[in-house]
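Numbering (my numbering), first residue to last: 3 to 529. Here the structure comes first, spelled out in structure tokens, and everything after it is commentary.
Here you go:
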């Protein structure tokens, strides 16, 4: 059986070494033998892994120059603690932090590393069957033993012009066009990521790293963000709502309605939080006003499968988000990041989230829906005030001891030696986390009287994006046993009496999610 992944990063870990021709190849596997602890830093989707079993005929590779705020944290929290010279080079990280290497330069370097032919120990080229698809070049499932590649781009910051910021939005859009002029098939753009940017307020999405540079700022979509979205749509590129803040996502849907935009929406590597927008203010248990915004605790909701819970942070999709994406004919990639799937939730302990002042006060106030409509109108009219989007690096408020200890504990956990046993103690637990998301979206559509979602789900692993992978699928070489285990476990759940008839057999459902849904979607839109 063939497999597909909507979102993975085989080139990212090549960027943390000096780009002098001796950097690690995108084909190389980083393993425990390299002194790496934990599966965040081990390879999860190297090009070698993607081609090893010859069962992944098409992949959507993510291009992503890591933000300065993230690199700074990697240097402080990981490199200084563990010192992995085969992966992390301090001089290289210094270059990235100091802007000696711009986002545009890093973007070009990642492409070069992906296109480079691998070499043996003697420097001789090793022939590999990989094909980077061009515009109007359809995926051909009959080509044997060849990895065919399309692209996506994560982070609008990729196209910043001078000094890694926007001096001229026209130059930013030209940078995007320069990449598109290479004519590689590019499916979607994720406008925001994990740090404040000049396009769209992002959702808080970090546990390990210090909060300062990663905290959301401002509110919603900016005029620059509107221009980037419009430009992408004009070029036939879909927009991915992953990493958008809750207010930003709701503005995005409202903007689409106002302008009658019909292009399908992508949610590339997501989990669900099991809730509805209207219950946001009821879910907040504790809120603290801080100099940078608000810190709040949110209660996780139980999953539809016994023993599972949803990760409640707003980086995950609400039921209302699911409705919007399905109505657009979009595609939802289920993440294989154990945290996003709810696998790190501790019993009787609420989860913490951080919000910008402007967004939290809007969401907690009266009639947030009407205010979001008004914000969207102001965006269109060019009168929107996006609030305070600047990071106060000089007078930044210190972290609370609880947050520091939480991050330290998390770092210790993720750097534990990865189990090499075929089935770890969390194998079945993590299978059920994935199935909880699959069954939740089906239950939601049945409860709401919506069409079946079985055509709109796939895997968006986020492998090699510095995530802790689920134990039931630790890397791309494990897709086949993962799929079979999902089928077996789903059949058990059905036999035990799931509340709804699924409409398809467990085998057909998983086959669609693991491959055929995405292929049909791409064949429809990438011609």
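Built from N, CA and C at the ideal position, the CB exists for glycine as well. The structure displayed is predicted, hence computed values, not measured ones.
*Fully enclosed by the stretch 5 to 81, which beta strand (DSSP E) runs are 3 residues long or longer?*
DSSP assignment within the stretch 5 to 81 yields the following whole beta strand (DSSP E) runs of 3 residues or more, N-terminal first: 60 to 65.
*Separation of residue 188 from residue 172, as counted between CA atoms*: As a position in the chain shown, residue 172 is number 170, starting the count at 1. As a position in the chain shown, residue 188 is number 186, starting the count at 1. Rounded to the nearest angstrom, the two C-alpha atoms are 21 Å apart.
*Which word fits residue 476, buried or exposed, when buried means at least 16 other C-beta atoms lie within 10 angstroms of its C-beta?*
The residue you call residue 476 lines up with position 474 of the chain shown. Classification of residue 476: buried, given that the 10 Å Cβ count is 16 or more.
*Apart from the five residues just before and just after residue 454, which ones in its own chain have a Cβ nearer than 8 Å to its Cβ?*
In the chain shown, the residue the question calls residue 454 occupies position 452. Answer for residue 454: 444, 447 and 505, listed in chain order.
*Determine the closest residue to residue 194 out of 254, 299 and 33, with distance taken between C-alpha atoms.*
Position 192 of the chain shown, counting from 1, holds the residue named residue 194. With respect to the C-alpha of residue 194, the residue from 254, 299 and 33 having the closest C-alpha is 254.
*Short check: CB of residue 275 to CB of residue 208, under 8 Å?*
As a first step, residue 275 must be located in the chain shown, where it is residue number 273. As a first step, residue 208 must be located in the chain shown, where it is residue number 206. No, these two residues do not count as a Cβ contact at 8 Å.
*Looking only at its own chain, which residues have a Cβ that is under 8 Å from the Cβ of residue 148, when we skip the five neighbours before and after it?*
Your numbering for residue 148 matches position 146 in the chain shown. Hits under 8 Å: 59, 131, 132 and 133.
*Do residue 143 and residue 203 have their C-beta atoms closer together than 8 Å?*
Taking the first residue of the chain shown as 1, we reach residue 143 at position 141. Taking the first residue of the chain shown as 1, we reach residue 203 at position 201. With respect to the 8 Å criterion, residue 143 and residue 203 are not classified as neighbours on the basis of their beta carbons.
_Cβ-based neighbour list, residue 469, same chain, cut-off 6 Å, excluding 5 preceding and 5 following_ = Position 467 of the chain shown holds residue 469. Take residue 469, set aside five residues on each side of it, and the residues of its chain with a beta-carbon closer than 6 Å to its own are 339, in chain order.
_I'd like the span of the alpha helix (DSSP H) that includes residue 100, first residue to last._
By 1-based counting over the chain shown, the position of residue 100 is 98. Residue 100 -> alpha helix (DSSP H) spans 92 to 100.
*The alpha helix (DSSP H) spanning residue 172 covers which residue range?*
Translated into the one-based positions of the chain shown, residue 172 becomes position 170. Start and end: 171 to 182.
*Evaluate the contact criterion for the stretch 91 to 110 versus the stretch 60 to 74: three or more CB pairs, one atom per stretch, below 8 Å.*
Touching, yes, given that three or more Cβ pairs across the two stretches are closer than 8 Å.
*Using a threshold of 8 Å, state whether the C-beta atoms of residue 293 and residue 347 are closer than that.*
Reading the chain shown from its first residue, position 291 is the one you call residue 293. Reading the chain shown from its first residue, position 345 is the one you call residue 347. With contacts defined by Cβ atoms closer than 8 Å, residue 293 and residue 347 do not form a contacting pair.
*Kindly give me the distance between the Cβ atoms of residue 357 and residue 298, rounded to whole angstroms, as I take these residues to be in contact under 8 Å.*
Indexing the chain shown from 1 puts residue 357 at position 355. Indexing the chain shown from 1 puts residue 298 at position 296. Contact between residue 357 and residue 298 holds, since their C-beta atoms are separated by about 7 Å, short of 8 Å.
*asked:* Please report the straight-line C-alpha distance between residue 240 and residue 230, rounded to a whole angstrom.
replied: To locate residue 240, count along the chain shown from 1; it is residue 238. To locate residue 230, count along the chain shown from 1; it is residue 228. Cα to Cα, the separation comes out at about 11 Å.
*Does the distance from the CB of residue 521 to the CB of residue 201 come in under 8 Å?*
In the chain shown, the residue the question calls residue 521 occupies position 519. In the chain shown, the residue the question calls residue 201 occupies position 199. Contact: no.
_Let me make sure I understand the geometry here. Which of 307, 244, 263 and 303 has the alpha-carbon closest to that of residue 1?_
For residue 1 there is no data in the structure shown, the boundaries of the chain being 3 and 529.
_Can you tell me where the alpha helix (DSSP H) holding residue 114 begins and where it ends?_
Numbered from its first residue, the chain shown carries residue 114 at position 112. Taken as a continuous stretch (DSSP letters only), the alpha helix (DSSP H) holding residue 114 covers 105 to 117.
*asked:* Taking a contact to mean a Cβ-Cβ separation below 8 Å, would you say residue 428 touches residue 365 in this structure?
replied: Within the chain shown, numbered from 1, the residue matching residue 428 stands at position 426. Within the chain shown, numbered from 1, the residue matching residue 365 stands at position 363. The criterion of a C-beta distance shorter than 8 Å is not satisfied by residue 428 and residue 365.
*Rounded to whole angstroms, what's the CA-CA distance from residue 437 to residue 220? Just pull it up for me.*
In the chain shown, counting from the first residue as 1, residue 437 sits at position 435. In the chain shown, counting from the first residue as 1, residue 220 sits at position 218. Taking the straight line from one Cα to the other gives about 35 Å.
*Report yes if the C-beta distance between residue 218 and residue 247 is below 8 Å; otherwise report no.*
One-based indexing of the chain shown puts residue 218 at position 216. One-based indexing of the chain shown puts residue 247 at position 245. Remark: C-beta atoms of residue 218 and residue 247 approach each other more closely than 8 Å.
*Nearest-angstrom Cα distance between residue 2 and residue 388?*
Limits of the chain in this structure are 3 at one end and 529 at the other, which puts residue 2 out of reach.
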